[in-house]
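**Q** My questions will all concern the structure given below.
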Amino acid sequence: ESPVMSVQGMLKGGTLSFKPKGKGYPTADLKLGPMTLAWSSEAPAPAGSLPVVDGSLVHEASGIRAEKVSGMIKLDPAGIHIDPLNAEVTGNPFVGALHYDLGKKEWSVSATGLVSGIENTLLARLSSDVSLKGAMNLRCNVAGRPGLYTIDADVDATQVAAGVRWWFLKPA
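Here's what the structure looks like:
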């Protein structure tokens, strides 16, 4: 019979930084509050919580920057969960969550908020024939697993001005 070993710890705070090599992922600089972590030899992985008290996420390729990031990172044997996740995107509040299942390698992200300054984001650069300007309300859920991605989104673009190059117009 093997003895059961366990470790529990608390840290006053810290930082979490992520600088990816590729442009497909955002950079992250987060300030963490009081953290707890526990591990037992009977558990397959450690468990704990890391409160995010401030920070930023920047996705250079899309032109999206999240400031005043806050939320709760939870680790458990099943995966990593960030719920709630709050931030300001283009100066407007955004709320969301992120979940990653370590065993199944499945993930999901949800976000809701207002994106203003569309003209400064990747959306405005998707086509040289269309120009976009203004703000849009967004609610989206994105999920993925190896070989499959699903996106469910509602976009209210009634505050977006769209310009189309003249040669798309049909003659009168």
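Start counting at 1 in the sequence shown, then tack on 36, and there's your number in the numbering used here.
Cβ coordinates follow ideal geometry from the N, Cα and C atoms, glycine included.
Beta strand (DSSP E) containing E124: first to last residue?
**A** G115 to V125
**Q** Under 8 Å by Cβ, that's how I've got L138 and A114 pegged, so tell me the actual separation to the nearest angstrom.
**A** That belief holds up - the Cβ atoms of L138 and A114 are roughly 7 Å apart, short of 8 Å.
**Q** On a CA-only basis, which of H135, G153 and T186 is nearest S167? Give me that one, please.
**A** G153
**Q** Nearest to V40 by alpha carbon, out of L162, F54, S164 and S77?
**A** S77
**Q** If you follow the beta strand (DSSP E) that V43 is part of, which residue opens it and which one closes it?
**A** S42 to L47
**Q** Report back the beta-carbon spacing between G132 and T148 to the nearest angstrom; my notes put them in contact at under 8 Å.
**A** 7 Å
**Q** Counting pairs of beta carbons, one from the region 186 to 199 and one from the region 171 to 178, are three or more of them closer than 8 Å?
**A** yes
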